[in-house]
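Under UniProt numbering, the first residue of the sequence shown is numbered 1, with each subsequent residue one higher.
First comes the structure, then the notes that go with it.
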Amino acid sequence: MTLARFALPVLLAGLLACAATLAQEPPRIEELSFLDRQFMTQQRQNLEDLARRHFGQGFSGEREQDLTLLQRLLDDGVVGSQDTAQLQAMGLVMGDLLADELDMHWVVYEDNLGRSRALRYRDSDNYLFPMTMVSRRREAGNTLPVTEIYQKAYDIIDPLREELPFR
């Protein structure tokens with residue numbers, strides 16, 4: 001009986017220590033796999049087709065035009081709050097704009113919570129997760145405009161950038 005009383009707290013303490021160690025493991029960062037790139041290309045194309053079908057225009061890589069088109073997809077109900085795949089594709093398009101403007105690149109970020117596609121600033125430990133920036137908000141009923149989501153993400157990375165003489 002006393003052995004069981006002693007063993008249970010020791011076992012629980014050991015499990016908690018293991019859980020804390022696992023929670024502190026650094027993330028694993030990898031380049032996008034062929035399947036990641038293929039999936040992302042398909043998501044971009046699906047959203048492009050949707051925009052062209054409903055509005056007669058696609059994405060151009062121009063920030064203002066593309067953010068306006070993303071917002072229009074939401075405002076006109078073309079992409080609903082439960083359409084996770086399309087909402088994440090919108091995050092991908094927004095991420096492409098951020099990557100171009102902030103010298104970031106897509107990577108796979110894997111930690112104890114799972115595997116995600118993320119934007120990495122150069123070779124630093126600074127990441128953005130645009131794939132879910134729109135979807136998580138919309139699914140929770142948050143209707144923050146796409147331009148504000150973009151600006152918040154931009155403002156996280158911009159202070160890290162080196163000041164260029166002609167910027």
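By construction, the Cβ of each residue, glycine as well, lies at the ideal position given by its N, Cα and C atoms.
Selection from the options that minimises the alpha carbon distance to residue i
i	options	result
E25	G114, D36 and T68	G114
G80	R138, R44, L144 and T41	R138
D76	E101, H54, R44 and L144	H54
Test item: CB-CB of residue i and residue j under 9 Å
i	j	result
L47	F59	yes
residue 184	M94	An answer regarding residue 184 cannot be provided, because it is not within the stretch 1 to 167 covered by the chain.
R37	E110	no
S33	G91	no
V146	L70	yes
M133	I156	no
G61	D103	no
L128	A153	yes
N126	L160	yes
Coarse secondary structure for residue i, derived from DSSP in three states
i	result
V134	helix
G77	coil
L87	helix
G61	coil
L119	strand
residue 181	This structure cannot settle anything about residue 181, because the visible part of the chain is limited to 1 through 167.
Query raised in the report: Can we say the segment 88 to 107 touches the segment 119 to 137, given the rule of at least three CB pairs closer than 8 Å?
Result: yes
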